[in-house]
């Protein structure tokens, strides 16, 4: 039975078993971008409605020194802010690896899904299916024989801001893609990482070291060199694109904030946010989507649609864990690497010859991400 979360405190110390488990799976606070990925493809056919790869500089480390009884689950809280052990860093790397793997798979699944003329005009409905699948997978994870974590009930008003930011970045992201060139759309998304840094400073007075900031900017510049060709935009398109990456950054920052404030684990927060987001998006669907006739959609497309929901649940869960265990900024850096990886796979499949600028961009992006990883380990 779900346990209520009355406020932002009221936690008791865990027992020895909890401490042993929390050593294996600690957590801090949270990248898709958000992020919520619905589709990123190569520059010439990019259609990304992803939980938007995103970021934030501030590490929302859990500041409670004890663990409550829930820490005995598979997903416990993180101990006080301190340098992580090798095991903890390995667990972080595993979640990042799962996020990258899920992103690559869902990109190509979504490419199949949105190749259908009807589903191409149902992107919000597809997002609803993804979050519905996430809810189902997480709920089953709380039941026997899994018992991966204990479900908690969080007041709707506590998760409503996250749901609103999620709906906002989804709608604004799609609108930005409609109003701008693909190149400008992708270039604007890169601004999510610096925006996370700015929001954390303005809202919470959270600072980032100069070396980490330089590494992030180098990574963003590298992705920009790779993705930005010749583009054109307009005043309205620029405004919408700016609003899109700002709301995306707010979504990611607020995920980390709620994990810290409510002292819940990433899957516990996601299990509450996902169904609430579904309900919110259902009120929007009649105004933005067209109703498809599923009987006329090819079976392979429907299969890809079904599988995209399963993969999306892994993507959403890994996003929350990366933000929860590290920071939104770290999630954003991972997202930039994912963009390079997806483009690289596209180049391999098409046999494209890279230009000098693209080679420099890849070097900057990967070098900046590596430097950020080394700085974060200090």
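In our numbering, the protein residues as written are 115 to 492.
We treat Cβ as the ideally placed atom computed from N, Cα and C, and that holds for glycine.
Chain-order list of residues whose beta-carbon lies under 6 Å from that of residue i (same chain, five-residue window excluded)
i, result
"residue 475", "336, 339, 340"
"residue 358", "286, 287, 290"
"residue 342", "297, 301"
Straight-line gap, residue i to residue j (C-alpha atoms, nearest Å)
i, j, result
"residue 316", "residue 322", "12 Å"
"residue 348", "residue 301", "14 Å"
"residue 56", "residue 331", "Outside the shown range of the chain (115 to 492) lies residue 56, about which nothing can therefore be said."
"residue 454", "residue 430", "20 Å"
"residue 246", "residue 197", "36 Å"
"residue 310", "residue 441", "10 Å"
"residue 374", "residue 202", "19 Å"
"residue 405", "residue 397", "14 Å"
"residue 469", "residue 461", "12 Å"
"residue 319", "residue 412", "52 Å"
"residue 482", "residue 492", "16 Å"
"residue 393", "residue 281", "11 Å"
"residue 473", "residue 325", "23 Å"
"residue 275", "residue 259", "33 Å"
"residue 490", "residue 484", "10 Å"
"residue 477", "residue 408", "44 Å"
Beta-carbon proximity of residue i to residue j, cut-off 8 Å
i, j, result
"residue 273", "residue 414", "no"
"residue 367", "residue 289", "no"
"residue 427", "residue 277", "no"
"residue 244", "residue 403", "no"
"residue 383", "residue 242", "no"
"residue 452", "residue 217", "yes"
"residue 271", "residue 351", "no"
"residue 221", "residue 456", "yes"
"residue 479", "residue 333", "yes"
"residue 399", "residue 268", "no"
"residue 238", "residue 425", "no"
"residue 369", "residue 434", "yes"
8 Å CB neighbourhood of residue i in its chain, flanking five on each side removed
i, result
"residue 573", "What is shown of the chain runs 115 to 492, which leaves residue 573 out entirely."
"residue 226", "414, 415, 418"
"residue 229", "415"
"residue 253", "265, 385"
Nonlocal neighbours in the same chain, by C-beta distance under 7 Å from residue i, ignoring five residues either side
i, result
"residue 389", "249"
"residue 421", "223"
Proximity test, Cβ basis, 8 Å: residue i and chain E
i, result
"residue 427", "Note that chain E does not occur in the displayed structure, where there is just one protein chain."
How about the segment 301 to 313 and the segment 357 to 365: do they share at least three Cβ pairs that are nearer than 8 Å? The count of Cβ pairs closer than 8 Å, one atom from the segment 301 to 313 and one from the segment 357 to 365, reaches three, so the stretches are in contact.
Runs of 4 residues minimum, wholly inside the segment 375 to 454: which ones carry the alpha helix (DSSP H) assignment? Listed in chain order, they are 380 to 396, 399 to 402, 413 to 439.
Report the residue ranges of all alpha helix (DSSP H) runs contained in full by the segment 288 to 330; include only those spanning at least 4 residues, in chain order. DSSP runs (the alpha helix (DSSP H)) wholly in the segment 288 to 330: 296 to 303, 306 to 318.
3-residue-minimum beta strand (DSSP E) runs that sit fully inside the segment 202 to 255, ordered along the chain: Counting only runs of 3 or more residues that sit fully inside the segment 202 to 255, no beta strand (DSSP E) segment turns up.
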